[in-house]
Amino acid sequence: MRRFLVWGRARALRPVPARRAVFSALLVALAPLAAAQEDPEEGQRSSVPVTLTDGRGFAWDVQGDGTIKDGTSDAYDDGLRLTVNGQNFPGVDAALLSADGREIVLGPRAIGDLEVTRRIWISPTDGFARYLDVVHNPGAETVPVSLSVSIDVGSDSSTRIVATSSGDRVVDPEDFGLVTDDGGGGANDAVVVTIYADRMASSRPTVSAADGTDRMTLSMTGVFLPPRSRGAFLFIAAQRSSTDEALRFLSAFDPNPVLEAIPDDLRSAVWNFGPGLHMVAPLVLPREEGREAIELITGDRLRGEVKPTVYRLETAFGRIEASTEDLAGLEFGQPGKTLDRMVFESGSVYSGQLSPRVVTIAVPSTGTFEVPAARVARLLLRVRAASTPPDPGAAAPHLAILLTGDRFQGEVLSPTFSLRTRYGVLEFQVGEVVAIHLTTGRPSLHQLTLSDGSTSTGLLDSGPIRMKLDVGLETSIPAPLLEALVRPLGQKPEGLAGRPVVRLSDGDVFVGRPAPGTWRLETVFGEVQVPTERISSAEFSRGQWRVVRLVMWDEGELSGRVLDETLSFQLSSGKTLSFDPGHIQVVEIPFPEIPEEAKAEVLRWMAELGDPDWNRRQEAKRQLVRIGKPAIPMLRERLAAEEDPEVQAALESILEEIEGK
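Residue numbers for the sequence shown, in the working numbering: 1 to 661.
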């Protein structure tokens, strides 16, 4: 809903003498802003079910377990059911409503060692529901979490996938949402939209969906929740009357206003969204394509054309000068309380003192006005088409986000990052690190995510981080001020599925396998030395110090107490790290390491897959299947780089046969 205000304080603006205008009866249309979500603790109890209507008129009949019984026009059949570690979320007899009545909080309810809460916010201005399923680990040990949401839609066996976020009808790992319908285009059951990640998410759920089945599933597995911490799974559900409306919603949905409205401590716990604009201190610029606007401190808004002006910003590391033609907007702070901000088209945000302290705007049919900065909250510049498209081959800049709300893009000049952990100081090359995030625990630590998918948490111990900024200046960022450092346009971490990993009790995960050698175990048979190449998996006891259960590649099992002071692991990066056995939780080796002498054989047979002779190709396939699981990493690497469709098909067939054994 748009509101209109009549603002009649002509004396608050100083008209340019050449173009005087009467301003006492100027109508200013205010653009709708994202509504901040109320704190549910300030609300009231309500019996369940609770039925709310969203801003598009669609009903959400929320049951005691958070499922939607019907929605509007049979959109759901008890859909959006949450399961954690194999147990359905238990229903509640009463829900907690936020003060504005828009958010429904169910729980917390105990599921095993975890506390689970469902927070369901129904948008009052748009047509969607935001689900935030929060999992809390109150204990002293890391807990594995497997979470799934079952979306039972009302279209039953007539269900078909209309489109995914990538534009086709096939759900793949790069998608972040999809639209389903019964073939009636909304004429029968309502069309359903589900958004389960955003474009910048490095962790996305696995999606099970197909034509002819009414049940879709979103699954998050392989998540380990450290002691006394929270994680959250966020998804958006929407109903529409036609497939066209549903597709428009999917393509245009911006998660940032939704994320900004979530409390800070929960926003940082979300697994499957970000990093994005929501990582910055709240700064939303509702810009338009055709015109510019000045938002006044009264909330009124002047729309028109802003006179091109060069603004100067005095920052802690030097002066920045930029024309309004290069900016997305300006935010004027309160003198003596908050700093001004300069926002670039690139997304960089810099804080400091702005000058000149005036904004000149030409308002159609009214006149040109010089508005003092003291009266201006924000300057919203029009959205412009990029003058030059981004070079996909260019080196990806780093994005540094500070606790002050500043957001810098540029190149990190520091060669390495050092992290002080419970098992020693680790040093990583800048190129190895995909992201650094400040954790929400006490004390606050930094978590490094490496390009191979490994994560490690500790204190940044490398001194100030030197950066060359996109505005041409150089600066040094003190580590305590760093909220995040990410590569928004660069590589994402590799997934952990199907890779050898060691998981530690503090939540750290490293991609690698036990170093060559033996583990010494005290067993009921006496001391046993186990060659590490025989180990398929190792699960360490939570209650008994250093006690482990080993599963061997020959399917034998052995339990005992580890006698070694430390156990060493060779990481995919080439580093070797040693850990106290008491700090290790799980070791997973999905395939045995291939001996050096066998690597040449695998390479030789893979080369034969492209031979013109059919018999030689078939023999190569038989030999690679014979070698089996040790060849999987080399086969996958070759498949990723292979361009010949026939060889690709052969590699896929070989992998399928090996992994199916």
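Just so you know, even glycine gets a beta-carbon here, dropped at the ideal spot from N, CA and C.
Spatial distance of residue i from residue j (CA atoms)
i	j	result
Met552	Ser537	7 Å
Glu522	Val562	6 Å
Ile594	Pro630	5 Å
Ile658	Arg534	19 Å
Ser73	Asn188	7 Å
Gly453	Ser203	10 Å
Ser653	Asp198	32 Å
Ala650	Asp175	26 Å
Arg382	Ala362	14 Å
Thr243	Val191	6 Å
Ile120	Ser573	42 Å
Glu292	Gly304	5 Å
Arg636	Leu247	35 Å
Val471	Ala95	50 Å
Thr217	Glu619	40 Å
Asp211	Pro478	53 Å
Ser251	Arg357	39 Å
Leu688	Val162	Nothing about residue 688 can be reported from this structure: the residues present for the chain run from 1 to 661 only.
Ile236	Asp181	17 Å
Own chain, CB closer than 6 Å to residue i, minus 5 neighbours either side, in chain order
i	result
Glu345	Ala328
Pro144	Phe224
Gly507	Thr142, Phe224 and Pro226
Met634	Val602
Thr315	Tyr350 and Gly352
Thr221	Ser146
Nonlocal neighbours in the same chain, by C-beta distance under 8 Å from residue i, ignoring five residues either side
i	result
Arg616	Glu608
Pro49	Asp61, Val62, Gln63, Gly64 and Lys69
Thr360	Val16, Val306, Lys307, Thr309, Thr368, Phe369, Glu370 and Val371
Thr416	Glu427, Phe428, Gln429, Val430 and Ser462
Glu474	Phe317, Leu413, Arg466, Met467 and Lys468
Ala232	Leu132, Asp133, Val134, Val135, Leu266, Ala269, Val270 and Trp271
Endpoints, the alpha helix (DSSP H) within which residue i is located
i	result
Lys599	Glu596 to Glu608
Glu325	It is not in any alpha helix (DSSP H) - Glu325 carries neither H nor E in the DSSP assignment.
Thr457	Per DSSP, Thr457 belongs to no alpha helix (DSSP H); it is in the beta strand (DSSP E), Thr455 to Leu460.
Thr243	Thr243 to Ala252
Asn256	Pro255 to Ala261
Glu115	Where Glu115 is concerned, there is no enclosing alpha helix (DSSP H), although the beta strand (DSSP E) it sits in stretches over Leu114 to Ile122.
Glu637	Ile632 to Ala641
Presumed contact (8 Å Cβ cut-off) between residue i and residue j, rounded CB distance
i	j	result
Glu588	Val501	5 Å
Leu403	Leu339	At roughly 13 Å, the Cβ-Cβ gap does not stay under 8 Å, so Leu403 and Leu339 are not in contact.
Arg215	Ser150	6 Å
Arg240	Phe249	6 Å
Leu419	Ser451	About 15 Å; that fails the 8 Å criterion.
Arg160	Pro124	So it is not a contact: roughly 31 Å between Cβ atoms.
Val528	Leu558	7 Å
Arg130	Gly66	12 Å between Cβ atoms; not a contact.
Phe569	Arg513	7 Å
Ile436	Leu448	5 Å
Leu296	Arg375	6 Å
Residue span of the beta strand (DSSP E) that contains residue i, given as start and end
i	result
Gln623	No beta strand (DSSP E) holds Gln623; the alpha helix (DSSP H) holding it covers Trp614 to Ile627.
Arg130	Ala129 to Asn137
Gln334	Where Gln334 is concerned, there is no enclosing beta strand (DSSP E), given that its DSSP letter is neither H nor E.
Where residue i falls: helix, strand or coil (DSSP)
i	result
Gln648	helix
Gly424	strand
Ser355	strand
Ser46	strand
Arg375	helix
Gly582	helix
Ile658	helix
Leu5	Annotation note: pLDDT 24 at Leu5 (below 50); position unreliable, coordinate value reported separately. Three-state result, Leu5: strand.
Pro592	coil
Arg534	helix
Leu473	coil
Asp156	helix
Ser451	coil
Ala479	helix
Val171	coil
Leu496	coil
Glu539	strand
Asp265	helix
Ser559	strand
Val430	helix
Close-in-space but distant-in-sequence residues of the same chain around residue i (CB under 7 Å, 5 per side omitted)
i	result
Arg542	Glu141
Val230	It should be noted that the sequence gives Arg, not Val, for residue 230. Closer than 7 Å at Cβ, skipping near neighbours: Val134, Val135, His136 and Ala269.
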